[in-house]
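*Asks:* Residue numbers (this note's numbering), protein chains in the order written: chain A, 1 to 229; chain B, 1 to 385.
Note that CB positions come from ideal geometry on N, CA and C, so glycine has one too.
For clarity, every value in this text was computed on a predicted model and none was experimentally measured.
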């Protein structure tokens, strides 16, 4: 598997449906779009429109029924589970609404987590983690566990964890959904900083128009269909 | 290293739950160990029996005795080195609650036939010289505070009357498994008394303990002895001491099987409890497993975390249970010496306890690890908290 570092997301005729009892319920229908490297895309739409499903497909944590998804030159729709796991470890950073940090690990250890799958030495891992902590401005909280951090701080730890492997793409599912206005602003500024300074490509699902304002492109989904921008 | 850290921290995440599970496993492993020891104890007489001893008894039943005249005829059988008459006395010391095994045995061959009973030469000599002398085990003497020279009276049940003895020797076992709760006195004392009080019961031996030089010839010697007395009024049945002991054990085998089943049921119960705990734990952490998977961790990592936690809890309980077994066995041996003269936890029992704990941990983790490693990331992430 070769993963090109050039950032490019391309979806072509992506369809996804779920089985509910004996019924096949379509969630996404023939979705096609492209995102250039270093772009910040916001996906908006009402609940049940298929935003999170689309995000999951882009992040390689769910599989398409038909169509293709190519990220950084790698067609992830052809990868098996194990290859997909390797691809995710190297190429995608996740930011979740509820942070999804491991409660028994400190901020430092949570951030270090993805690096444990690499062949970096302990010292190299430490350098990377300290650099990521610097980016999210949480060096002084590195030994705190998630329960000892505020929501905004937890989300910053999650962002540090997402960028620690220097992935090509960051996917964020309602990253400000559980935060107060001030913390949400800080998180969005941080994401904006990552796009501008580090050239990261971010795909964010949000309900919040203020969050969407930070994005370069806003696309709307309705009933599984991507509306024209 | 990281996995180990995660496993240990996860294990102590719900302290009360983990503590209760560890306690449950520890108690179950303790119960398993004690029950296994009890079963082992039942067969102790069989296992500690000597291959150089045969037992000749009345072929009809142990209830019937053998004439004293048989002794010399048995002694003449090729391969026989020693013969001693022996009777189960069944005497009671003060009350029935003070039960201990007591036998009348010919003093001279006693120490040759039973080299596992260690007695000083001085005490041995004193016992041989005193017809009313008795040799008692160390534990028995300790229990009743007996010392050499003390007078002890047993109330006869099979042989009526008040029987007075003087303790002349206290033996200790050559091995830890040797029974040190027995009481031996001179068979001559029994026989002489019976000659006076119940003459028809005199000159009769309950059994003959027969010493042989070569254990490999035990079957042949047994057959030769039984052939001598074939078609007599009291035919003999000669067998190895082991077979003789087994005949007693086989009478209570059903109870032993029941105890063995209970010991395994205890383990199955704790296995279900541990499996429930692990299932609950894994269910609560599905979103964490999904998060780890989204970061690139694979099913093997998830399985390791779940199995590790389950094994850590089960083995902690298992080791605690094993460590508790030794003091518990000591207490039983001390307090219930009349029922369990030797309550010794064997290395095999300890190994079985640890194996049982390992099995509990492994089986308890099977379903949760399958669930944790197969759940899709999308499904797992939906389970917040």
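Check residue 154(A) in the structure and name its three-state DSSP category.
*Replies:* The residue given as residue 154(A) occupies position 154 in the first chain. Three-state DSSP puts residue 154(A) in a helix.
*Asks:* Which residues of chain B have a Cβ atom closer than 7 Å to the Cβ of residue 82(A), listed in chain order?
*Replies:* Counting from 1 along the first chain, the entry for residue 82(A) is found at position 82. Residues of chain B passing the Cβ test: 298.
*Asks:* Per DSSP, residue 15(A) is paired with what?
*Replies:* For the purposes of this step, residue 15(A) is taken as residue 15 along the first chain, with counting starting at 1. Its beta-bridge partners are 66(A).
*Asks:* In chain order, which alpha helix (DSSP H) runs of at least 4 residues are fully inside the segment 168-204 of chain A?
*Replies:* As far as the segment 168-204 of chain A is concerned, its whole alpha helix (DSSP H) runs of at least 4 residues are 181-198.
*Asks:* Give the residues of chain B in contact with residue 141(A), contact being defined as C-beta atoms less than 8 Å apart.
*Replies:* For this step, residue 141(A) is matched to residue 141 along the first chain. None at all; the shortest Cβ gap to chain B is about 18 Å.
*Asks:* Inspect the beta-carbon positions of residue 91(A) and residue 205(A) and report whether they are closer than 7 Å.
*Replies:* Numbered from 1 along the first chain, position 91 holds the residue referred to as residue 91(A). Numbered from 1 along the first chain, position 205 holds the residue referred to as residue 205(A). Contact: no.
*Asks:* Mapping the DSSP letters down to three states, classify residue 172(B) as helix, strand or coil.
*Replies:* Within the second chain, residue 172(B) is the residue found at index 172, counting from 1. DSSP places residue 172(B) in strand when its eight states are reduced to three.
*Asks:* Which of the three DSSP states is assigned to residue 95(A) in this structure?
*Replies:* Stepping through the first chain from its first residue, residue 95(A) is reached at position 95. Of the three classes helix, strand and coil, the one that applies to residue 95(A) here is strand, per DSSP.
*Asks:* I want to verify the contact list: residues of chain A whose CB lies under 7 Å from the CB of residue 377(B), in sequence order.
*Replies:* Numbered from 1 along the second chain, position 377 holds the residue referred to as residue 377(B). Simply 61.
*Asks:* Closest Cβ-Cβ distance between residue 4(B) and chain A: below 7 Å?
*Replies:* Numbered from its first residue, the second chain carries residue 4(B) at position 4. Taking Cβ atoms only, chain A never reaches closer than 7 Å to residue 4(B), which makes this a no.
*Asks:* Looking only at DSSP bridge pairs, what is residue 103(B) linked to?
*Replies:* On the second chain, residue 103(B) is found 103 positions in, with the first residue counted as 1. DSSP lists 88(B) and 184(B) as partners of residue 103(B).
*Asks:* On the DSSP letters alone, give me the boundaries of the alpha helix (DSSP H) that residue 368(B) sits inside.
*Replies:* Locating residue 368(B) in the second chain gives position 368, where the first residue counts as 1. Unbroken alpha helix (DSSP H) run through residue 368(B): 347-374.
*Asks:* For residue 187(B), which residues from the same chain have a beta carbon less than 6 Å from its beta carbon, with the 5 sequence-adjacent residues on both sides left out?
*Replies:* Looking up residue 187(B) in the second chain gives position 187. Closer than 6 Å at the Cβ level, and outside the excluded window around residue 187(B), lie 85, 104, 105 and 106.
*Asks:* Could you give the first and the last residue of the continuous alpha helix (DSSP H) run that contains residue 383(B)?
*Replies:* Reading the second chain from its first residue, position 383 is the one you call residue 383(B). Neither: residue 383(B) is in no alpha helix (DSSP H) and is coded neither H nor E.
*Asks:* Where does residue 18(A) land, buried or exposed, given buried means 16+ other C-beta within 10 angstroms?
*Replies:* Taking the first residue of the first chain as position 1, residue 18(A) is located at position 18. It counts as exposed.
*Asks:* How long is the line joining the alpha carbons of residue 290(B) and residue 284(B), rounded to whole angstroms?
*Replies:* Here residue 290(B) is taken as the residue at index 290 of the second chain, counted from 1. Here residue 284(B) is taken as the residue at index 284 of the second chain, counted from 1. Whole-angstrom Cα-Cα distance: 12 Å.
*Asks:* Of the choices 335(B), 234(B), 60(B) and 144(B), whose alpha-carbon is the least far from that of residue 66(B)?
*Replies:* One-based indexing of the second chain puts residue 66(B) at position 66. The shortest C-alpha separation from residue 66(B) is found at 234(B).
*Asks:* Cβ atoms of residue 368(B) and residue 270(B): under 7 Å apart, would you say?
*Replies:* Locating residue 270(B) in the second chain gives position 270, where the first residue counts as 1. Locating residue 368(B) in the second chain gives position 368, where the first residue counts as 1. No.
*Asks:* Taking C-beta pairs closer than 8 Å, name the residues in chain B that residue 102(A) reaches, listed in chain order.
*Replies:* Counting from one through the first chain, the residue named residue 102(A) turns up at place 102. Result: 6, 288, 291 and 292.
*Asks:* My assumption, with CB atoms under 8 Å, is that residue 55(A) sits in contact with residue 43(A). Please give the rounded CB distance.
*Replies:* Reading the first chain from its first residue, position 55 is the one you call residue 55(A). Reading the first chain from its first residue, position 43 is the one you call residue 43(A). So it is a contact: roughly 7 Å between Cβ atoms.
*Asks:* Please tell me whether residue 220(A) has its Cβ less than 7 Å away from any Cβ of chain B.
*Replies:* Your numbering for residue 220(A) matches position 220 in the first chain. With 7 Å as the cut-off, residue 220(A) does not count as an interface residue toward chain B.
*Asks:* To the nearest angstrom, how far is it from the Cα of residue 343(B) to the Cα of residue 116(B)?
*Replies:* Position 343 of the second chain holds residue 343(B). Position 116 of the second chain holds residue 116(B). Using only the alpha carbons, I get a separation of about 18 Å.
*Asks:* Is any beta-carbon of chain A found at less than 7 Å from that of residue 44(B)?
*Replies:* Translated into positions along the second chain, residue 44(B) becomes position 44. Not closer than 7 Å to any Cβ of chain A, the Cβ of residue 44(B) fails to qualify, so no.
*Asks:* Is residue 3(B) helix, strand or coil by DSSP?
*Replies:* Residue mapping note: residue 3(B) aligns to position 3 of the second chain, counting from 1. Helix, per DSSP.
*Asks:* What number of angstroms, rounded off, separates the C-alpha of residue 192(B) from the C-alpha of residue 109(B)?
*Replies:* Position 192 of the second chain, counted from the start, is the residue given in the question as residue 192(B). Position 109 of the second chain, counted from the start, is the residue given in the question as residue 109(B). Their backbone Cα atoms lie some 18 Å apart in a straight line.
*Asks:* Between the C-alpha atoms of residue 4(B) and residue 292(B), what's the straight-line distance to the nearest angstrom?
*Replies:* Here residue 4(B) refers to the residue found at position 4 of the second chain. Here residue 292(B) refers to the residue found at position 292 of the second chain. Cα-Cα distance, rounded: 16 Å.
*Asks:* Please decide whether residue 10(B) counts as near chain A, where near means a Cβ-Cβ distance under 7 Å.
*Replies:* As a working mapping, residue 10(B) is identified with position 10 in the second chain. For residue 10(B), the answer is yes, since a Cβ of chain A falls inside 7 Å of its Cβ.
*Asks:* What first and last residue would you give for the beta strand (DSSP E) that runs through residue 220(A)?
*Replies:* Along the first chain, read from residue 1 onward, the residue named residue 220(A) stands at position 220. Where residue 220(A) is concerned, the enclosing beta strand (DSSP E) stretches over 217-222.
*Asks:* I believe residue 165(A) touches residue 115(A) by the beta-carbon criterion, under 8 Å. Please report the beta-carbon distance rounded to the nearest angstrom.
*Replies:* Against the first chain, residue 165(A) aligns to sequence position 165. Against the first chain, residue 115(A) aligns to sequence position 115. That pair is a contact at about 7 Å.
*Asks:* Answer yes or no: does any C-beta atom of chain B fall closer than 7 Å to that of residue 114(A)?
*Replies:* Residue 114(A) sits at position 114 when you count from the first residue of the first chain. So yes, residue 114(A) belongs to the interface.
*Asks:* So, does the segment 170-186 of chain B touch the segment 132-145 of chain B, judging by three or more C-beta pairs under 8 Å?
*Replies:* Yes, the segment 170-186 of chain B touches the segment 132-145 of chain B.
*Asks:* Identify, in the order they occur along the chain, each residue of the same chain with its Cβ nearer than 7 Å to the Cβ of residue 178(A), setting aside the five sequence neighbours on each side.
*Replies:* Within the first chain, numbered from 1, the residue matching residue 178(A) stands at position 178. 97, 98 and 151, listed in sequence order.
*Asks:* Does DSSP classify residue 167(B) as helix, strand or coil?
*Replies:* Here residue 167(B) refers to the residue found at position 167 when the second chain is read from its first residue. Three-state result, residue 167(B): strand.
*Asks:* Could you compute how far the alpha carbon of residue 273(B) sits from the alpha carbon of residue 21(B)?
*Replies:* The residue labelled residue 273(B) in the question sits at position 273 within the second chain. The residue labelled residue 21(B) in the question sits at position 21 within the second chain. Cα-Cα distance, rounded: 8 Å.
*Asks:* Which residue marks the beginning of the beta strand (DSSP E) containing residue 42(A), and which one marks its end?
*Replies:* Position 42 of the first chain, counting from 1, holds the residue named residue 42(A). Per DSSP, residue 42(A) belongs to the beta strand (DSSP E) from 40-44.
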